[in-house]
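Peer 1: Those letters in the sequence shown? Residues 107 to 206, by my numbering.
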Amino acid sequence: MTFELACCLLVTAATLFYVFYLPGKLYLGAEKTRASYLRERKDAVYENLRDLNFEYKAGKVPDIDYQSLKNSLQDEAATLLAEIARLEAKAAIMPKRVRP
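1) Work out the CA separation of E153 and S142 for me, nearest whole Å.
2) Using the three-state DSSP reduction, which class does T139 fall into: helix, strand or coil?
3) With 16 other CB atoms within 10 Å as the buried threshold, where does R205 fall?
4) Determine whether the beta carbon atoms of L255 and K148 lie at a separation below 7 angstroms.
5) According to DSSP, is Y172 helix, strand or coil?
6) CA-CA distance, L158 and A191?
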């Protein structure tokens with residue numbers, strides 16, 4: 107009985123350690139910029155447009171809803187593209203920062 111209890115306690119302690127242990131240094135990935143966020147959003151909007159077209163051709167979306175959703179997604183895509191172009195133009199004009 108005590109062997110089983112010791113095994114259960116050991117497994118519980120190992121599980122808690124695995125779940126809650128944080129190493130000293132965490133890799134959080136690349137730093138997000140406004141431009142990278144906009145590009146990701148643009149990709150998502152384009153994917154939604156492709157899905158909408160597929161659903162429409164499959165007969166799952168009525169004409170009126172299709173036109174409304176398509177216009178909305180196209181407007182959002184145009185806004186995103188304009189913002190990306192503005193940020194890229196601004197970055198091209200600004201001098202590059204020197205990193206130590």
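Built from N, CA and C at the ideal position, the CB exists for glycine as well.
Peer 2: Judging by the given coordinates:
1) For the purposes of this step, residue 142 is taken as the residue at position 36 of the sequence shown. For the purposes of this step, residue 153 is taken as the residue at position 47 of the sequence shown. Near 17 angstroms, if we compare the C-alpha coordinates of E153 and S142.
2) Looking up residue 139 in the sequence shown gives position 33. Correct three-state label for T139: coil.
3) Counted from its first residue, the sequence shown places residue 205 at position 99. Below a pLDDT of 50, predicted positions are generally treated as unreliable, and R205, at 48, falls in that range; the measurement from the model is reported next regardless. Taking all protein chains in view, the Cβ of R205 is surrounded by fewer than 16 other Cβ atoms within 10 Å, so the residue is classified as exposed.
4) Coverage of the chain is limited to positions 107 through 206, which leaves residue 255 absent and any answer about it impossible.
5) Indexing the sequence shown from 1 puts residue 172 at position 66. Helix, per DSSP.
6) For the purposes of this step, residue 158 is taken as residue 52 along the sequence shown, with counting starting at 1. For the purposes of this step, residue 191 is taken as residue 85 along the sequence shown, with counting starting at 1. So the two alpha carbons sit approximately 26 angstroms from each other.
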